[in-house]
Each structure stands twice: as C-alpha cells, then as structure tokens.
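Numbering (numbering that gives the first Met the number 0), first residue to last: 0 to 318.
Notes follow once the structure below has been shown.
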Amino acid sequence: MRTDTIRAAAVQIAPDLSGRAGTIERVLNAIAEAADKGAQFIVFPETFVPYYPYFSFVLPPVQQGAPHLELMKEAVVVPSPETQAVADACRKRGVVVVLGVNERDHGSLYNTQLIFDADGTLALKRRKITPTYHERMVWGQGDGAGLKVVDTRVGRVGALACWEHYNPLARYALMTQHEEIHAGHYPGSLVGDIFRDQIEVTMRHHALESGCFVVNATGWLTEEQIAQIHPDPKLQGAMRSGCMTCIISPEGRHLAEPLTAGEGILIADLDMKLVAKRKRMMDSVGHYARPELLSLNHDTRPAPTRHVIETPMEEEQDV
0 MRTDTIRAAA VQIAPDLSGR AGTIERVLNA IAEAADKGAQ FIVFPETFVP YYPYFSFVLP
60 PVQQGAPHLE LMKEAVVVPS PETQAVADAC RKRGVVVVLG VNERDHGSLY NTQLIFDADG
120 TLALKRRKIT PTYHERMVWG QGDGAGLKVV DTRVGRVGAL ACWEHYNPLA RYALMTQHEE
180 IHAGHYPGSL VGDIFRDQIE VTMRHHALES GCFVVNATGW LTEEQIAQIH PDPKLQGAMR
240 SGCMTCIISP EGRHLAEPLT AGEGILIADL DMKLVAKRKR MMDSVGHYAR PELLSLNHDT
300 RPAPTRHVIE TPMEEEQDV
C-alpha cells in the first residue's frame with residue numbers, strides 16, 4: 000500500500016558498451032544500491048540497455064551499418080532472461096523500476112520504456128512514438144497504445160522519452176490519466192550544455208503543468224567511451240555534457256541538487272500530498288480545462304502491420 004512519502008532514485012551511470020550483459024549487471028547493482036538507500040521508485044536513462052546509439056549522432060549513414068547491426072544483436076527482447084532478471088530484482092527489493100531499453104522485435108529496433116511494478120510484474124511496455132532526428136535511422140515508431148499511465152505500488156506512473164516531452168499532446172495524454180509520478184528519460188552525454196539547460200526547463204514545466212512529480216534520468220559516458228565511439232576530437236565534443244538527472248516537485252522545485260556530470264544516484268523523498276496541493280490551484284485536465292473548446296483525440300489502438308479479415312465459411316447447401 001502506498002504511503003504519503005515515496006523515496007525516489009534517478010540513476011546516472013555509464014552503460015557497458017560491450018553489450019547488454021554488462022549493462023544489465025550495472026542495472027541490477029544500481030537497483031540494489033538505491034534500494035539499500037530506501038528507494039521505492041528507481042528510474043534509469045533512455046535506452047540504457049545495452050546503450051544509447053551515440054554512433055548515429057556522429058557517423059554518416061554509410062558508416063552506420065556495422066554498429067547498427069551490433070546494436071540489433073545486443074538489443075533486448077521482451078520478455079527475455081534480461082527482463083526477467085530486472086523483474087526478479089524488483090520483486091526481491093519491493094521497488095518500482097522504469098528502465099529504458101533498445102527493444103528488438105524481429106527485424107526492427109524500438110526505443111522502449113519498461114515499467115516494472117514492485118511485485119515484478121511488467122506493468123507497461125511502451126515505445127517512443129517518434130524517434131528524433133538521427134534516431135530515425137535506428138528505431139521504428141511506437142503507437143498510441145503506449146501513451147498510458149499505470150497503477151503501481153508507488154502510485155500512478157507515466158513515462159516519456161527525451162523529445163517526446165516537446166509534444167504537448169503526448170504529455171497531455173498522460174495528464175488526462177492523472178499521473179502522480181512521471182519518469183523522464185534522456186541519453187545524456189550529448190549535444191552540450193544547451194541540452195542540459197533545455198532538459199531542466201522541460202522537466203520543471205511538465206511537473207508544474209501536470210501537477211505531478213518528475214523523476215528524470217540521463218546517461219553518462221566516460222572519456223574512454225567517448226573515444227571508443229569516435230576518434231575525432233571535434234566530434235567527441237558532441238558527446239559531452241547534456242546531463243540533467245533531477246527530481247522535481249509538482250511546484251517545479253528541485254528536491255535534490257541535480258546531477259550534471261559523473262556517475263551517481265540522486266535520491267529524494269516525494270511528499271505525495273503536494274500533488275493535491277498543486278492541483279487545488281491548477282488542474283490542467285480538471286477545473287482548469289475547457290473541454291468544450293479544447294480536447295484531445297487519443298487513438299489507443301495498437302498499430303499492427305497485419306490485419307486479418309476472416310472469410311466467413313459458405314453455408315452448407317441442402318442435398
């Protein structure tokens with residue numbers, strides 16, 4: 000049963016660029032470390048397993064074949080032994096985890112967010128609805144079925160990845176479902192200081208507008224990893240800074256000093272009473288809404304590539 004105070008953790012660590020096994024080990028170690036500190040809700044960065052496709056940002060398309068194939072080989076199938084390991088850790092420690100993965104579905108990759116409840120149940124698998132810029136060379140598109148808020152042991156949880164937060168209707172779809180805690184994911188170690196500043200503005204704005212807590216995790220790359228991704232010092236600069244791991248209250252305030260460099264786990268206590276305090280003043284999908292003027296049409300149907308139309312059997316003829 001949920002209490003009035005939830006301890007949240009946002010994890011900023013480096014992946015293992017050699018593949019999913021090493022990164023999953025880092026995920027499990029971070030879950031244990033955060034749980035030891037009392038965390039009940041833990042968020043990891045965007046497509047953290049096996050790693051974010053940084054190569055797609057610094058390599059021209061003609062050079063992306065080999066690293067793209069390697070990413071496909073190391074990507075996560077859902078369900079799989081990797082997802083089961085995370086589920087087991089959640090059940091053992093009684094924590095809710097939001098994990099970003101590269102999901103492989105046969106011949107396609109997707110930017111996928113997995114929400115595991117504290118009993119180990121996979122409460123939600125959602126795919127980023129529109130990959131951004133260079134990411135379109137790597138991932139397919141998600142659909143409206145994943146724009147869902149789920150009930151968990153810590154409350155109603157929603158999630159979006161990176162620039163999905165620039166789609167106000169995607170955010171509004173979650174707001175209409177009354178999310179109490181929002182998980183944000185970004186790659187980190189990308190673009191530079193301007194990306195860090197933009198993330199902070201976006202996370203604080205969503206917390207204010209939605210009247211919810213935001214727990215946002217960005218990734219990190221070591222100098223050795225940056226050099227491994229690309230040897231050109233000029234292009235290496237595109238894989239530094241851009242980190243803003245933070246925990247924001249419904250009033251738009253940082254609940255802990257954000258992590259903008261290095262590895263670490265940010266911890267903060269969420270006073271869930273602040274959700275009602277904020278929404279008493281401004282409930283964007285309730286008393287502050289004008290649905291007769293402005294409303295959202297949200298198609299929640301999955302978008303399969305095959306639609307089977309059954310042919311009715313001919314009626315038997317009398318003989």
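All residues carry an ideal CB built from backbone N, CA and C; glycine is no exception.
Pairwise C-alpha distance: residue j and residue i
i, j, result
"V57", "T4", "43 angstroms"
"G21", "L98", "15 angstroms"
"F212", "K272", "11 angstroms"
"I73", "A29", "One detail in the question is off: residue 73 reads as Glu in this sequence, not Ile. For E73 and A29, the distance between alpha carbons rounds to 20 angstroms."
"I198", "D87", "32 angstroms"
"E32", "S294", "43 angstroms"
"P311", "P303", "22 angstroms"
"T82", "V75", "8 angstroms"
"L207", "N215", "15 angstroms"
"H133", "S55", "6 angstroms"
"M243", "A237", "16 angstroms"
"R6", "G64", "42 angstroms"
"I266", "E250", "18 angstroms"
"R305", "R135", "22 angstroms"
Buried/exposed call for residue i, threshold 16 Cβ in 10 Å
i, result
"V42", "buried"
"P60", "exposed"
"E24", "exposed"
"T201", "buried"
"H205", "buried"
"V318", "In this predicted model, V318 has a pLDDT of only 49, less than 50, meaning its place in the structure is not dependable; the value taken from the coordinates is given anyway. Under this definition V318 is an exposed residue."
"T2", "exposed"
"V307", "exposed"
"S17", "exposed"
Residue i, DSSP secondary structure in three states
i, result
"Q140", "coil"
"H181", "strand"
"F47", "coil"
"G157", "strand"
"L70", "helix"
"A34", "helix"
"V75", "strand"
"N296", "coil"
"D3", "coil"
"N215", "strand"
Beta carbon proximity, residue i to chain B, threshold 9 angstroms
i, result
"R103", "Note that chain B does not occur in the displayed structure, where there is just one protein chain."
Using 8 angstroms as the threshold, is the segment 148-159 in touch with the segment 167-186, meaning 3 or more CB pairs across them? yes
Going along the chain, which unbroken runs of the beta strand (DSSP E) with 3 or more residues stay wholly within the segment 77-127? 95-104, 107-115 and 121-126
Given 8 angstroms, three or more beta-carbon pairs between the segment 273-288 and the segment 109-123: no
Using 8 angstroms as the cut-off, can you tell me whether the segment 129-145 makes contact with the segment 289-306, which would need three or more C-beta pairs spanning the two stretches below that distance? yes
Please give the ranges of any beta strand (DSSP E) in the segment 224-288, keeping only runs that are unbroken, at least 3 residues long and fully inside the region. 245-247 and 263-270
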